[in-house]
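If you read the sequence shown in our numbering, its first letter stands for residue 252, the second for the next number, and so on. The beta-carbon is built from N, C-alpha and C at its ideal position, and this holds for glycine as well. This structure is a prediction, so every number in the text was calculated from the model and none was measured.
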Amino acid sequence: MESNALLNTTLKQIDLVKVTDCIPAHVMDSISVEEPLEIRICTSVDGKAEYKNISVTMRTPGHDAELAIGFLFTEGFISVISQVTAVDRLEAPCTRNNDNVVIVRLNDGFTPITSALDRNFYTTSSCGVCGKGSIAAIKTVSIFKDLAPISCSIALDILYCLPDLLRAAQGNFSATGGIHAAGLFNLQGQLIALREDVGRHNALDKLVGHALSANLLPLQKHILVLSGRASFELVQKAAMAGIQIIAAIGAPSSLAVELAKEFDITLFGFLRDHRCNIYNLADHVKIEGLAGMLDYPTALDQKIER
């Protein structure tokens, strides 16, 4: 839905002073671009277009249509891609930064979920949606919640390869060292899609927006690989997309583990250097290559090996 002409640059060159030992030197370096993106929806009521501001998020420009669609889906505003007719940039010649406003046009007669519309967000690149009143307010029920799980297996040696495969595909991270990624792999370890952003939640929304637009949902036979930690919000967004397996290179939070158990999502953390922690293993997911299996501890406050 988005042409290359609409994609802003994702990198910026700056002059900085680099200090090695005690010696300073002027060098040019790349940093990730961070700019606000305002997401609006356009609905038709009695033949009249009505616009509503939904969110402002600090993101890395690029794949903005996917970001907007993915956000609306993972936050419960829309449930299928057919509810979206177009994603446009703001067309106002006298307005600055038109590239930082996208309008998601919805089907005539379609009214987004009211409870979702009651939440206007300001989201940051570091923490995602902040200031929600309670867990109940952010625990959006997945449209795939009642979908029967699919039995599948993943080889441990494939799982251990995923962080390197993710890093190899991260072009912006190689240039800046300062950007998150969400990667979608099949069970054979092949990369299906990857999105990068300064905000980990934005990277996942872009990925889900891509999958929704390509009619790939639900993602039951895929593995979501996160370049950093697994927060509650990321697990919630994954659950909305029907993802059964999440592998994070960083740590999960306590609420992320609880939500993974609630949605029967297999959750790996600290996946690196041929090691990982298994925080939840769904009955329908088998791991090939394990030398036996232990019972899971029930307490979340036990010390986690790092």
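Consult DSSP for residue i and reduce its assignment to one of helix, strand or coil.
i, result
"LYS396", "coil"
"ILE401", "coil"
"THR260", "coil"
"PRO287", "strand"
"VAL459", "helix"
"PHE322", "helix"
"VAL352", "strand"
"ASN466", "coil"
"ALA533", "coil"
"THR308", "strand"
"HIS473", "strand"
"PHE436", "strand"
"ALA481", "strand"
"VAL241", "Residue 241 is absent from the structure shown; the chain starts at 252 and stops at 557."
"ASN358", "coil"
"LEU445", "strand"
"HIS314", "coil"
"ALA454", "helix"
"VAL331", "coil"
"LEU522", "strand"
Please return the same chain residues whose Cβ sits closer than 8 Å to the Cβ of residue i, not counting the five positions on each side in sequence.
i, result
"SER404", "LEU438, VAL536, LYS537, ILE538, GLU539"
"THR362", "THR294"
"GLU285", "MET309, ARG310, THR311, SER376, VAL449"
"PHE514", "SER393, LYS396, VAL486, ALA490"
"VAL508", "LEU518, TYR530, ASN531, LEU551"
"GLY460", "HIS314, ALA316, GLU317, LEU318, ALA319, ILE320, GLY321, PHE322, PHE324"
Using 10 angstroms around the beta-carbon of residue i, count the other beta-carbons present and answer buried if the total reaches 16, otherwise exposed.
i, result
"GLU317", "buried"
"ASP397", "exposed"
"ARG310", "buried"
"GLN487", "buried"
"ASN423", "buried"
"PHE324", "buried"
"ASN204", "Since the first residue of the chain shown is 252 and the last is 557, residue 204 is not available in this structure."
"VAL645", "Residue 645 is absent from the model: the chain starts at 252 and stops at 557."
"LEU207", "Here the chain has residues from 252 to 557 only, and residue 207 is not among them."
"GLY313", "buried"
"LEU267", "exposed"
"ASP272", "exposed"
"THR260", "exposed"
"ARG526", "exposed"
"ILE274", "exposed"
"ASP408", "exposed"
"ILE401", "exposed"
"SER333", "exposed"
"ASP359", "exposed"
"SER464", "buried"
"ILE329", "buried"
"ALA498", "buried"
"ALA511", "buried"
"ILE265", "exposed"
"ALA419", "exposed"
"VAL296", "exposed"
For residue i, which residues in the same chain have their Cβ closer than 6 Å to its Cβ, ignoring the five residues on either side in sequence?
i, result
"THR294", "GLU301, LEU357"
"LYS215", "Given a span of 252 to 557 for the chain in the structure shown, any question on residue 215 remains unanswerable."
"ASN304", "ARG291"
"ALA406", "GLU539, GLY540"
"SER393", "ALA490, MET491"
"GLY501", "GLY479, ARG480"
"ILE354", "ARG291, CYS293, ASP339"
Keeping to the same chain, check which residues put their C-beta closer than 7 Å to that of residue i; ignore five residues upstream and five downstream.
i, result
"ALA426", "LEU262, SER281"
"ILE529", "PHE519"
"PHE395", "PRO469, GLY493"
"GLY543", "none"
Taking 7 Å as the cut-off, does the CB of residue i come closer than this to any heavy atom belonging to the ligand ATP?
i, result
"CYS527", "Ligands are entirely absent from the displayed structure, and the ligand ATP is therefore not among its contents."
With a cut-off of 8 Å, do at least 3 Cβ pairs link the segment 478-498 to the segment 450-464?
yes
Determine contact between the segment 468-478 and the segment 428-437, defined as no fewer than three beta-carbon pairs at a distance below 8 Å.
yes
Count the CB pairs spanning the segment 517-528 and the segment 409-417 that are closer than 8 Å, and state whether there are at least three.
yes
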